[in-house]
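Using our numbering, you'd call the opening residue of the sequence shown number 82 and step up by one each time.
For each residue, glycine too, the CB sits at the ideal point set by N, CA and C.
Bear in mind that the values here come from a model prediction, so they are computed numbers and not experimental data.
Structure first, then comments.
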Amino acid sequence: MEDSKGDAGQPAVDRLPLGEEAWLTEVWNGKAADGYPVRLAEVLPTGFPCYLRLFHPYVAWGTADGDPAAAPRTTWEELAALAGVPFSRHLTEADLDPALPLRNGEHEYELWEGEFHPVPRRSLFEHLSVRAAGPVFFYFGLGAMVSGPLLYRAACDAVDSVKGVAASDTSDPDLKGPELVWPPDRSWFMYTDYDCVSTYVGCDEELAGFVMDDPEIEALGADLGDRLV
Numbered sequence: 082m083e084d085s086k087g088d089a090g091q092p093a094v095d096r097l098p099l100g101e102e103a104w105l106t107e108v109w110n111g112k113a114a115d116g117y118p119v120r121l122a123e124v125l126p127t128g129f130p131c132y133l134r135l136f137h138p139y140v141a142w143g144t145a146d147g148d149p150a151a152a153p154r155t156t157w158e159e160l161a162a163l164a165g166v167p168f169s170r171h172l173t174e175a176d177l178d179p180a181l182p183l184r185n186g187e188h189e190y191e192l193w194e195g196e197f198h199p200v201p202r203r204s205l206f207e208h209l210s211v212r213a214a215g216p217v218f219f220y221f222g223l224g225a226m227v228s229g230p231l232l233y234r235a236a237c238d239a240v241d242s243v244k245g246v247a248a249s250d251t252s253d254p255d256l257k258g259p260e261l262v263w264p265p266d267r268s269w270f271m272y273t274d275y276d277c278v279s280t281y282v283g284c285d286e287e288l289a290g291f292v293m294d295d296p297e298i299e300a301l302g303a304d305l306g307d308r309l310v
């Protein structure tokens with residue numbers, strides 16, 4: 082362990098030497114010919130009963146840098162209905178572009194990118210915390226490119242505190258992430274690609290049901306053969 086941070090009343094966040102993340106990052110060795118992964122199987126581990134695609138919400142244009150909780154949001158399902166296309170796990174941003182509402186000739190919504198939106202993320206981690214007997218691991222990879230990958234351990238519901246420590250360690254107040262989160266028993270994982278518009282979860286059927294039933298989270302079942310979106 083390198084150090085432990087946490088102000089009075091704040092959750093403790095331990096920065097760790099790299100290594101624990103290898104069971105997930107080594108999956109990334111299977112790349113597409115151009116060096117970028119195309120299928121979920123190229124970035125996600127096998128063996129989980131359920132895989133979920135969590136859709137990053139669309140937020141009101143120009144509000145992405147403000148208070149996420151205050152920004153109006155709309156869902157992929159609502160936009161799919163406007164576009165006249167099925168709401169499915171294969172849906173892409175390009176499918177919805179024609180349906181984005183316009184105001185004064187400009188798009189009314191923009192897609193939240195780079196990390197899972199803080200509001201549904203809070204709900205997600207409430208569910209994940211139930212399946213975490215103790216601290217879990219948080220990994221920042223591409224988002225911490227300048228400083229190099231970072232690994233932390235903290236309570237599952239301390240994701241905001243972990244982000245704060247990582248932002249301080251990288252001197253990047255706009256740091257995105259974490260990209261990977263998982264418990265020591267590896268019973269579930271969360272994966273967010275810095276360049277994608279979805280977050281993915283591997284877990285058991287019961288946990289998947291809780292996540293999919295949460296009104297704050299827009300999620301559908303996924304398959305390892307699906308394209309990374």
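Under the three-state DSSP convention, the category S279 falls into:
By 1-based counting over the sequence shown, the position of residue 279 is 198. Three-state result, S279: strand.
Please go through the same chain and pick out, in chain order, the residues whose beta-carbon is closer than 7 Å to the beta-carbon of H188, but skip the five residues on each side of it.
In the sequence shown, counting from the first residue as 1, residue 188 sits at position 107. W142, L181, listed in sequence order.
Spatial distance of M82 from P264 (CA atoms)
Reading the sequence shown from its first residue, position 1 is the one you call residue 82. Reading the sequence shown from its first residue, position 183 is the one you call residue 264. Residue placement at M82 cannot be trusted, given a pLDDT of 46 that sits under 50; what the coordinates show is reported in the next sentence. Distance between the alpha carbons of M82 and P264: 17 Å.
Going by beta carbon distance, what residues of the same chain come within less than 8 Å of E286, once the five residues before and after it are set aside?
Counted from its first residue, the sequence shown places residue 286 at position 205. Closer than 8 Å at Cβ, skipping near neighbours: P130, C131.
Check whether the Cβ atoms of A303 and L121 sit closer than 9 Å, and answer yes or no.
For the purposes of this step, residue 303 is taken as residue 222 along the sequence shown, with counting starting at 1. For the purposes of this step, residue 121 is taken as residue 40 along the sequence shown, with counting starting at 1. It is a contact, given that the beta carbons lie within the stated cut-off.
Using only the alpha-carbon positions, how far apart do V246 and V94 sit?
Position 165 of the sequence shown, counting from 1, holds the residue named residue 246. Position 13 of the sequence shown, counting from 1, holds the residue named residue 94. Distance between the alpha carbons of V246 and V94: 7 Å.
Host beta strand (DSSP E) of E260 (start-end):
Residue mapping note: residue 260 aligns to position 179 of the sequence shown, counting from 1. No beta strand (DSSP E) holds E260; DSSP gives it neither H nor E.
Is DSSP giving A114 helix, strand or coil here?
For the purposes of this step, residue 114 is taken as residue 33 along the sequence shown, with counting starting at 1. Low confidence applies to A114: its pLDDT is 48, below 50, so where it sits in the model is not reliable, and the reading given next is rough at best. Three-state result, A114: coil.
Span separating the alpha-carbon of L232 from that of A239:
Along the sequence shown, one-based indexing puts residue 232 at 151. Along the sequence shown, one-based indexing puts residue 239 at 158. Between L232 and A239, the C-alpha separation is close to 14 Å.
With a threshold of 16 other CB atoms inside 10 Å of the CB of P179, please say whether the residue is buried or exposed.
For the purposes of this step, residue 179 is taken as residue 98 along the sequence shown, with counting starting at 1. Result: exposed.
Within 10 Å of its beta-carbon, does D250 have 16 or more other beta-carbons around it, so buried, or fewer, so exposed?
Here residue 250 refers to the residue found at position 169 when the sequence shown is read from its first residue. Result: buried.
Skipping 5 residues on each side, what residues in its chain have a beta carbon closer than 7 Å to that of T173?
Stepping through the sequence shown from its first residue, residue 173 is reached at position 92. Within the same chain, T173 has close Cβ partners V310.
Would you decide whether L205 is buried or exposed? Buried here means 16 or more other CB atoms lie within 10 Å of its CB.
Residue numbering aside, residue 205 sits at position 124 when the sequence shown is read from its first letter. Its Cβ being crowded by 16 or more others within 10 Å, L205 is buried.
Beta-carbon proximity check, F221 vs L105, cutoff 9 Å
As a first step, residue 221 is located in the sequence shown; it is residue number 140 there, counting from the start. As a first step, residue 105 is located in the sequence shown; it is residue number 24 there, counting from the start. No; because the gap between Cβ atoms is not below 9 Å, this pair is not in contact.
Could you have a look at A103 and say whether DSSP puts it in helix, strand or coil?
Start at 1 with the first residue of the sequence shown, and residue 103 comes out as number 22. A103 falls in the helix class under three-state DSSP.
Contacts around P138, its chain only, beta-carbon distance under 6 Å, and the 5 residues preceding and following it disregarded
Taking the sequence shown and counting its residues from 1, the one referred to as residue 138 is at position 57. Excluding sequence neighbours, P138 sits near R154, W193, H198.
Compare the beta carbon distance of A300 and D266 with 9 Å and say whether it is the shorter of the two.
Stepping through the sequence shown from its first residue, residue 300 is reached at position 219. Stepping through the sequence shown from its first residue, residue 266 is reached at position 185. Their beta carbons are not under 9 Å apart, which means A300 does not touch D266 by this criterion.
In angstroms with no decimal places, state the Cα-to-Cα distance between F291 and S268.
Taking the first residue of the sequence shown as 1, we reach residue 291 at position 210. Taking the first residue of the sequence shown as 1, we reach residue 268 at position 187. Using only the alpha carbons, I get a separation of about 15 Å.
Are the beta-carbon atoms belonging to L97 and F218 less than 9 Å from one another?
Here residue 97 corresponds to residue number 16 of the sequence shown, with the count starting at 1. Here residue 218 corresponds to residue number 137 of the sequence shown, with the count starting at 1. A contact, by the Cβ cut-off of 9 Å.
In angstroms with no decimal places, state the Cα-to-Cα distance between D257 and G195.
One-based indexing of the sequence shown puts residue 257 at position 176. One-based indexing of the sequence shown puts residue 195 at position 114. The residue asked about is misnamed: residue 257 is Lys in this sequence, not Asp. Taking the straight line joining both Cα atoms gives about 6 Å.
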